[in-house]
Amino acid sequence: MEPVEAVAIVKSMAIVLKPSYADVVRGTLNRISELHQSPIKAVQSSPGFILFDNDIFEVRKTLHKGFGAFATRDIDEGAIILTEKPLMKAENMTIYYEFEKLSYQQRQEYCNLAFWEKLGPAPIAIFKTNRFEITRAIGGIFPKSSRFNHSCHPYATCTYTYEEVEDTLIVTAIKKIMKGDEITISYTNTPSTLPENYGFECDCPNCATTTTNNYNFRNFEKKDR
Numbered sequence: 001m002e003p004v005e006a007v008a009i010v011k012s013m014a015i016v017l018k019p020s021y022a023d024v025v026r027g028t029l030n031r032i033s034e035l036h037q038s039p040i041k042a043v044q045s046s047p048g049f050i051l052f053d054n055d056i057f058e059v060r061k062t063l064h065k066g067f068g069a070f071a072t073r074d075i076d077e078g079a080i081i082l083t084e085k086p087l088m089k090a091e092n093m094t095i096y097y098e099f100e101k102l103s104y105q106q107r108q109e110y111c112n113l114a115f116w117e118k119l120g121p122a123p124i125a126i127f128k129t130n131r132f133e134i135t136r137a138i139g140g141i142f143p144k145s146s147r148f149n150h151s152c153h154p155y156a157t158c159t160y161t162y163e164e165v166e167d168t169l170i171v172t173a174i175k176k177i178m179k180g181d182e183i184t185i186s187y188t189n190t191p192s193t194l195p196e197n198y199g200f201e202c203d204c205p206n207c208a209t210t211t212t213n214n215y216n217f218r219n220f221e222k223k224d225r
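Laid out in structure tokens, this is it:
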């Protein structure tokens, strides 16, 4: 006969099974599919729709490049345009797990970001398209900062740094930006990699002479954004 105390301990123990990676992936894809059906997306797909604004710039829908950030007043060189905490941080192998930790509202914000569908399933493609490097292995998603479109140097008008202690991305103007101008950053120093990694070709003055603007971003608002 087993001791009464030992039996009580065994019966009181809860068995917690960690979901398999396949279960997490399946759950994430189902949730993203549900978010895709949101009626909010139709409203946000209208040109001119303002997604975000502050006293420096606004993020609005454009005709050909999805969302873009535009100065609502003159911005001096060196001025801080935006400081932003990460919505999510992950390594490539933890994207699904980190997505599952987000609230419903945070998941909506994540799924609203543009992505290049050839990078993989939506959760992976969104992350790869919009990640800012935090360390060599870890990337962060900063939804507002992701709305700055690309332009090659020296035409990009802002740059960014990640402040580890504050866990904050800081976007700073690197030249004078006039009211109404689009605020842009450089995604890469190698423009030839843009089609493969982001799904578009650069149309800055340097690149426009040899390439044709060809934005093919996909998102959950509209399949042919």
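The sequence shown maps to residues 1 to 225 in UniProt numbering.
Don't be surprised by glycine CBs; every beta carbon is placed ideally from N, CA and C.
{"Check": "Where the beta strand (DSSP E) through K118 begins and ends", "Outcome": "Note, K118: premise wrong, no beta strand (DSSP E); not H, not E."}
{"Check": "Whole-angstrom C-beta distance between H150 and I185, which should lie under 8 Å", "Outcome": "7 Å"}
{"Check": "Spatial distance of I138 from T188 (CA atoms)", "Outcome": "18 Å"}
{"Check": "Which of helix, strand or coil DSSP assigns to F127", "Outcome": "helix"}
{"Check": "Contained alpha helix (DSSP H) runs [length at least 4] in the UniProt domain \"SET\" (55 to 188), N- to C-terminal order", "Outcome": "95 to 100, 104 to 111 and 122 to 130"}
{"Check": "Rounded Cβ spacing between T172 and C158 (contact assumed at less than 8 Å)", "Outcome": "6 Å"}
{"Check": "DSSP beta-bridge partners of D203", "Outcome": "Paired residues: none, contrary to the question."}
{"Check": "Local Cβ density within 10 Å of M93, reported as buried at 16 or more and exposed below that", "Outcome": "exposed"}
{"Check": "Among K101, H64, F132 and Y96, nearest to G120 - alpha-carbon criterion", "Outcome": "Y96"}
{"Check": "Residues near Q106 by beta carbon distance below 7 Å, same chain, minus five either side", "Outcome": "L87"}
{"Check": "CB contact flag (A79, F57, <8 Å)", "Outcome": "no"}
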